[in-house]
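Inspection log for the structure reproduced underneath, given as structure tokens.
In the working numbering, the protein residues as written are 112 to 232.
So, in structure tokens, the structure goes:
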């Protein structure tokens with residue numbers, strides 16, 4: 112069983128080109144239950160990042176290999192709470208990051224996170 116959820120549409124969970132791995136946006140879907148962990152932004156952020164971590168580990172990487180993240184939030188008022196959960200997964204120097212608010216995310220998620228990582232770091 113995969114440690115991250117299957118893509119919910121016609122796309123790959125990740126692609127590798129050269130020495131870079133690009134993940135698709137990871138929704139906060141627990142791969143064992145196929146559900147969100149809760150309706151709290153902190154829990155959903157952790158699950159999205161656990162999914163990212165599983166993809167990276169499958170490809171011989173760690174979270175330290177990440178050079179850029181993009182965080183899509185349903186509500187920018189969740190920014191500070193998202194940051195509290197997000198920082199549990201990273202140490203300085205942090206990867207570059209863009210965080211944007213969007214009107215709606217698939218499955219009514221509160222957050223979706225995609226990353227770019229270097230394979231041979």
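Think of the CB as a built atom: it goes at the ideal place given N, C-alpha and C, for glycine as much as any other residue.
Buried or exposed (CB count within 10 angstroms, at least 16 for buried), residue i
| i | result |
| --- | --- |
| residue 193 | buried |
| residue 114 | exposed |
| residue 153 | buried |
| residue 122 | exposed |
| residue 231 | exposed |
| residue 217 | exposed |
| residue 213 | exposed |
| residue 132 | buried |
| residue 215 | exposed |
| residue 52 | The question about residue 52 has no answer, for the chain in this structure spans 112 to 232. |
| residue 204 | exposed |
| residue 166 | buried |
| residue 134 | buried |
| residue 209 | exposed |
Residue closest to residue i, alpha-carbon to alpha-carbon, out of the options
| i | options | result |
| --- | --- | --- |
| residue 176 | 154, 157, 191 and 200 | 200 |
| residue 111 | 121, 128 and 147 | There is no way to answer for residue 111, as the model of the chain reaches only from 112 to 232. |
| residue 195 | 125, 160 and 117 | 160 |
| residue 173 | 117, 120 and 227 | 227 |
| residue 221 | 206, 136, 128 and 167 | 136 |
| residue 182 | 125, 163, 118 and 128 | 163 |
| residue 206 | 225, 125, 185 and 165 | 225 |
Three-state class that DSSP yields for residue i in the structure shown
| i | result |
| --- | --- |
| residue 130 | coil |
| residue 141 | strand |
Cβ separation of residue i and residue j, assumed to be a contact under 8 Å, to the nearest whole Å
| i | j | result |
| --- | --- | --- |
| residue 178 | residue 229 | 6 Å |
| residue 116 | residue 145 | 7 Å |
| residue 141 | residue 155 | About 10 Å; that fails the 8 Å criterion. |
Beta carbon proximity, residue i to chain C, threshold 8 Å
| i | result |
| --- | --- |
| residue 157 | Within the model displayed, chain C is absent; a lone protein chain is all it includes. |
Heavy atom of the ligand PLP within 7 Å of residue i beta-carbon
| i | result |
| --- | --- |
| residue 166 | The ligand PLP is not part of this structure, which contains no ligands at all. |
* **Continuous alpha helix (DSSP H) assignments of at least 4 residues falling wholly in the region 150 to 212** => Taking only runs of at least 4 residues, the alpha helix (DSSP H) segments lying wholly in the region 150 to 212 are 152 to 169 and 190 to 197.
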